[in-house]
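Q: What follows is a structure written as structure tokens; I'll ask about it next.
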Ligand SMILES: [Zn+2]
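Numbering (our numbering), first residue to last: 2 to 401.
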């Protein structure tokens, strides 16, 4: 990102494409890569060392749908309100969302009559968004598509993106597109997982192919400055196990809020950017691997039934890093139809419909969608009332 020296931080081994759920006949042609991340000694940017080509990841049948989570629905409803109340105040203001998925955020602005356009390379997700009244362009967001949008729709007052910017290895193309499309006084707002939380809570499964960069405030501040913008505000948000909302503007067009300097200071005090912090993280996740495999092996040997809950992208990292296959977790249940009847990437654990979870309830459920733990545990009260227990693994392995 800044030409500083990048030092390897953690190697999670041979990993598959995290969202590539397989039909049994596809097992032999599966794509793998080495999942390792490094940190820049100068700007603290954490990045993967061997990128997976994006056309392998965001295919037309890309199965992730944001709206399956009630928690995310309410989060993006708040975002839509916030943008409408503070930025999209003119009748003709345009908002463009990069990676609009199934329209979870834009459909609320669409319903309010706000001029909008979603840009998303996955045709399936875009079709779901269009069905809810959202205008979508099936495309990657870059300088080329931004120029075309500018020609047809005019400049955007707000460009928004959630959990997408860090996916693009060649991030310059995204910012050149923003530069093309954004009004002089507009803002580019993006949300992403926070590396400080990942390190603090050993959320190693936040590292998977799609998350090419793991952002800190200091690293984003340096990055956007190099790309011709200014980071003017940051805010911590409690989704996906800890995220940050970054507000970026053209230099000098907005007042820089004290939140930026405050969080950069916090990161320095916490040791983000210091090698020892990452060595500690490496030791902690090795311990998780040992403990989790031991627990699952003991439960299996004792004749207990364990199922996985949530065939998330994160679960690809956990199962493949720990070497957990169908012998330890016979199946994973998931509500997404596109994943059901398939095998999980790399580990080849069958994915079954959500109904399989309670038919009958297992003794233990490995919570692979832990970023929605509160919502899931409230929904599955009956599982616990019947004697079921959750297995969690970060920041340490435990049964609750
Ligand atoms: Zn750097």
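Beta carbons are placed, not taken as given, at the ideal position from N, Cα and C, and that holds for glycine. Values in this document were obtained by computation on a predicted structure and should not be read as measured data.
Kindly provide the ranges of any beta strand (DSSP E) runs that are 3 or more residues long and lie completely inside the region 174-215, ordered along the chain.
A: The region 174-215 contains these whole beta strand (DSSP E) runs: 183-194.
Q: For residue 132, is the classification buried or exposed, using 16 other Cβ atoms within 10 angstroms of its Cβ as the cut-off for buried?
A: For this step, residue 132 is matched to residue 131 along the chain shown. Classification of residue 132: exposed, given that the 10 Å Cβ count is below 16.
Q: So, helix, strand or coil for residue 45, using DSSP?
A: As a position in the chain shown, residue 45 is number 44, starting the count at 1. Residue 45 falls in the coil class under three-state DSSP.
Q: Below 6 Å CB to CB, which residues in the same chain sit around residue 279 once its five sequence neighbours on both sides are set aside?
A: Here residue 279 is taken as the residue at index 278 of the chain shown, counted from 1. Closer than 6 Å at Cβ, skipping near neighbours: 10.
Q: Should residue 83 go down as buried or exposed, given a rule of 16 or more other Cβ atoms within 10 Å for buried?
A: Here residue 83 is taken as the residue at index 82 of the chain shown, counted from 1. Counting Cβ neighbours within 10 Å, residue 83 comes out exposed, since fewer than 16 surround it.
Q: How many angstroms separate the CA atom of residue 88 from the CA atom of residue 277?
A: The residue you call residue 88 lines up with position 87 of the chain shown. The residue you call residue 277 lines up with position 276 of the chain shown. Between residue 88 and residue 277, the C-alpha separation is close to 42 Å.
Q: Just list the residues that DSSP pairs residue 17 with in beta bridges.
A: Within the chain shown, residue 17 is the residue found at index 16, counting from 1. Answer is 33, bridged to residue 17.
Q: What residues come near ligand 1, if near means a beta carbon less than 6 Å from any of its heavy atoms?
A: This criterion selects 2, 3, 5, 41, 43, 44, 46.
Q: On a CA-only basis, which of 308, 195, 316 is nearest residue 265? Give me that one, please.
A: Here residue 265 refers to the residue found at position 264 of the chain shown. Ranking the options by Cα distance to residue 265, first place goes to 195.
Q: Identify, in the order they occur along the chain, each residue of the same chain with its Cβ nearer than 6 Å to the Cβ of residue 191, setting aside the five sequence neighbours on each side.
A: Along the chain shown, read from residue 1 onward, the residue named residue 191 stands at position 190. Excluding sequence neighbours, residue 191 sits near 162, 166, 247.
Q: Using a Cβ-Cβ cutoff of less than 8 Å, which residues in the same chain neighbour residue 301 once the five nearest sequence positions on both sides are dropped?
A: Here residue 301 refers to the residue found at position 300 when the chain shown is read from its first residue. Contacts found: 307, 328, 329.
Q: Compute the distance between the beta-carbons of residue 95 and residue 109, then report whether it is under 7 Å.
A: Counting from 1 along the chain shown, the entry for residue 95 is found at position 94. Counting from 1 along the chain shown, the entry for residue 109 is found at position 108. No, they are not a contact pair.
Q: Cβ of residue 39 within 6 Å of any heavy atom in ligand 3?
A: The model depicted lacks ligand 3 and carries ligand 1 instead.
Q: So what does residue 104 bridge to, in DSSP terms?
A: The residue given as residue 104 occupies position 103 in the chain shown. Answer by DSSP bridge pairing: none, since residue 104 is not bridged.
Q: So the candidates are 375, 149, 127; which of them puts its Cα closest to the Cα of residue 139?
A: Sequence index remark: in the chain shown, residue 139 carries index 138 (1-based). Closest by alpha carbon: 127.
Q: Can you tell me the Cα-Cα spacing of residue 155 and residue 210, whole angstroms?
A: As a working mapping, residue 155 is identified with position 154 in the chain shown. As a working mapping, residue 210 is identified with position 209 in the chain shown. Each residue's alpha carbon lies about 34 Å from the other.
Q: Under a three-way DSSP split, which group does residue 325 fall into?
A: Within the chain shown, numbered from 1, the residue matching residue 325 stands at position 324. Residue 325: coil per DSSP, three-state reduction.
Q: How many angstroms separate the CA atom of residue 148 from the CA atom of residue 175?
A: If you number the chain shown from 1, residue 148 lands on position 147. If you number the chain shown from 1, residue 175 lands on position 174. Looking at the two C-alpha atoms, the distance is approximately 12 Å.
Q: Take residue 338 as the anchor and find which of 69, 19, 39 has the nearest alpha-carbon.
A: Translated into the one-based positions of the chain shown, residue 338 becomes position 337. Ranking the options by Cα distance to residue 338, first place goes to 69.
Q: Count the other CB atoms, across all protein chains shown, that sit within 10 Å of the CB of residue 197; report buried if there are 16 or more and exposed otherwise.
A: In the chain shown, the residue the question calls residue 197 occupies position 196. Classification of residue 197: buried, given that the 10 Å Cβ count is 16 or more.
Q: Using DSSP bridges, identify the partner residues of residue 222.
A: One-based indexing of the chain shown puts residue 222 at position 221. Residue 222 pairs with nothing; no bridge assigned.
Q: Just tell me which of 333, 371, 375, 343 has its CA closest to the CA of residue 359.
A: Sequence index remark: in the chain shown, residue 359 carries index 358 (1-based). It is 333 whose Cα lies nearest to the Cα of residue 359.
Q: For residue 171 and residue 213, what's the separation of their Cα atoms in angstroms?
A: Reading the chain shown from its first residue, position 170 is the one you call residue 171. Reading the chain shown from its first residue, position 212 is the one you call residue 213. For residue 171 and residue 213, the distance between alpha carbons rounds to 10 Å.
Q: Determine the DSSP secondary structure at residue 236, reduced to helix, strand or coil.
A: Taking the first residue of the chain shown as 1, we reach residue 236 at position 235. The answer is strand: DSSP assigns residue 236 an E or B state.
Q: Under a Cβ-count criterion, where at least 16 other Cβ atoms within 10 Å of its own Cβ denotes burial, should residue 241 be classed as buried or exposed?
A: Your numbering for residue 241 matches position 240 in the chain shown. Classification for residue 241: buried.
Q: Excluding the five sequence neighbours on either side, which residues of its own chain have a C-beta within less than 8 Å of the C-beta of residue 143, listed in chain order?
A: The residue given as residue 143 occupies position 142 in the chain shown. Excluding positions up to five away in sequence, the list reads 174, 175, 177, 178.
Q: Less than 8 Å between the CB atoms is what I'm expecting for residue 13 and residue 313, so what's the real figure, rounded?
A: Translated into the one-based positions of the chain shown, residue 13 becomes position 12. Translated into the one-based positions of the chain shown, residue 313 becomes position 312. Going by Cβ atoms, the distance from residue 13 to residue 313 rounds to 15 Å, so no, they are not a contact pair.
Q: Can you find at least 3 beta carbon pairs, one from the region 277-297 and one from the region 339-351, that sit closer than 8 Å?
A: No: the two stretches stay apart, fewer than three of their Cβ pairs being nearer than 8 Å.
Q: For the alpha helix (DSSP H) containing residue 380, name the first residue and the last one.
A: To locate residue 380, count along the chain shown from 1; it is residue 379. 374-380 is the span of the alpha helix (DSSP H), which, as asked, contains residue 380.
Q: Provide the residue span of the alpha helix (DSSP H) that contains residue 81, from first to last.
A: The sequence position of residue 81 within the chain shown is 80, counting from 1. Unbroken alpha helix (DSSP H) run through residue 81: 71-87.
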